[in-house]
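The opening residue of the sequence shown carries number 680 in my numbering; numbering runs sequentially from there. Cβ atoms here follow ideal geometry from the backbone N, Cα and C, with glycine treated the same way.
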Amino acid sequence: MIDGDKIVEVGSHGQGADVVIDGAGKIVLPGLINTHTHLSMVLLRGYADDMLLQDWLQKKIWPCEMKLTPEACYQGALLGSAEMIMSGTTSFLDMYFYMEDVGRAVKETGLRAVLSYGIIDLFDQAKAKSEQEKSRKFFDYVRSLETPRIQFAVGPHAPYTCSAETLLWAKDFAEKNKVLDHIHIAETRKEQADFQKERGSRVVEYLDKIGALSNRMVAAHCVWLTKSEVITLARAGVSVAHCPASNMKLASGGVAPLPEMFDAGVPVGLGTDGAASNNSLDMLETMKICALLHKAHRWDATVLNAQKTLDLATVDGARALGLQDQIGSIEVGKKADIIALDMHAPNLNPIHGKETVVSDLVYSASPGNVDTTIVDGRVLMTNRHLNTIDLEQIRQNASKIAEGLAQ
Ligand SMILES: [Zn+2]
């Protein structure tokens, strides 16, 4: 039972409700939480694949991103929102450019989001000032939206694109304003090797030394970590957004040490990363890829089971974003962020009993099975019909923009 934006009762009778959604043959779940993405990057989906990372960035992605406009990011965010709603994601943590326009799109589509402007100062003091100013302006913008559904995070892109001053400014800003500090850490072996060569310490050691780590930090990737760096992250209270599909597609090499993170008590959530490096925003697929990657990597089928993988995409993701009191599970008092999957589909049958349903969700489910998506008590999708988005119109607009970007 939902009243306003909250869950007020959990049961099956539904008595006294104004509107009843028939759940027969459906599995009801907390909405999935994507803890790291770049929503508007859906515009670059499929544009450049199967390339070496540096070529991919320098020859394809960065030249395209130079041509981005506020309108492009707005339309990209609408398309990305449609994909999220249709694949059961209800909350996400984002980092990109023209974030006011992303915020406008998210406000319209009804999703829950924590949004950050990607700060890149390239160790230039003047640029650092202007980037910090842009982030501050975006902070004011998010406040002006006056909805707890959309929150701000400060977003220093990475330790190799931001000066120590900017990283510390971000930590400070996050602390003062009680917001998240969203960053990419130790994504590739090259990043780790360059750090050791140029600064004589590993990436997390460096961040620890300058005092940039905090319990407000959500660090995407964290692929190339030693055990002692995992402990350092745990001590500082840093959360990790694990992006297995992106790491595999970009051949980051290595695998984020999830079992060690669990042992050390690091909060871990799952992310898709941007659609240019995935190429979807599908969290159901991300769960499966995550579980399989760690089994294959450790030669151990028990290393990550279906229940823990589902937790990563729900309750654990909420904890990674510091939103565990609000989202991540279906409980009285929490926000009504709920999805329902139709269990009549052939890929979800037969059902061997209640205890195997979690396996079905992680290893067999696909976005087409998501029937209903509710965020903040509002039904954003009914029987796969989007209620807040004109999909055909958005598809046309996004195609036109993508054509311009690729030229
Ligand atoms: Zn990213």
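Following the DSSP letters along the chain, one finds residue 1078 in no beta strand (DSSP E) but inside the alpha helix (DSSP H) bounded by residues 1070-1085. Distance from the C-beta of residue 834 to the nearest heavy atom of ligand 1 is not below 8 Å. The C-beta distance from residue 773 to residue 752 rounds to 11 Å, too long to fall under 8 Å, and the pair is not in contact.
Judged by DSSP secondary structure, residue 858 falls outside any beta strand (DSSP E); it is assigned neither H nor E. Residue 698 counts as exposed, since fewer than 16 other beta carbons sit within 10 angstroms of its beta carbon. Here residue 923 carries a helix assignment [DSSP, helix/strand/coil]. For residue 885, the enclosing alpha helix (DSSP H) starts and ends at 882-889.
Within the chosen limit of 8 Å, ligand 1 does not reach the beta carbon of residue 931 with any heavy atom. Contact check for residue 782 against residue 712 fails: the beta carbons are separated by 9 Å or more. By the Cβ rule, the segment 937-957 counts as touching the segment 912-925, because three or more pairs are nearer than 8 Å. Beta-carbon to beta-carbon, residue 906 and residue 939 are separated by about 6 Å, close enough to satisfy the 8 Å threshold. The beta carbon of residue 989 lies closer than 7 Å to those of 966, 1037, 1040, 1041 in the same chain, with the five residues before and after it left out.
When secondary structure is reduced to three states using DSSP, residue 1030 falls in the coil class, being assigned neither helix nor strand. Per DSSP, residue 973 lies in no beta strand (DSSP E) segment; the continuous alpha helix (DSSP H) that holds it begins and ends at 962-977. Closest option to residue 941, judged by alpha-carbon separation, among 686, 912, 971, 727: 912.
Note on residue 1046: 16 or more other CB atoms within 10 angstroms of its CB, so buried under the neighbour-count rule. The beta-carbon distance between residue 999 and residue 714, rounded to whole angstroms, is 5 Å. This is short enough to meet the 8 Å contact definition. Contact check for residue 793 against residue 900 fails: the beta carbons are separated by 9 Å or more. Contact holds between the segment 714-730 and the segment 755-773, because three or more Cβ pairs, one in each stretch, are under 8 Å apart.
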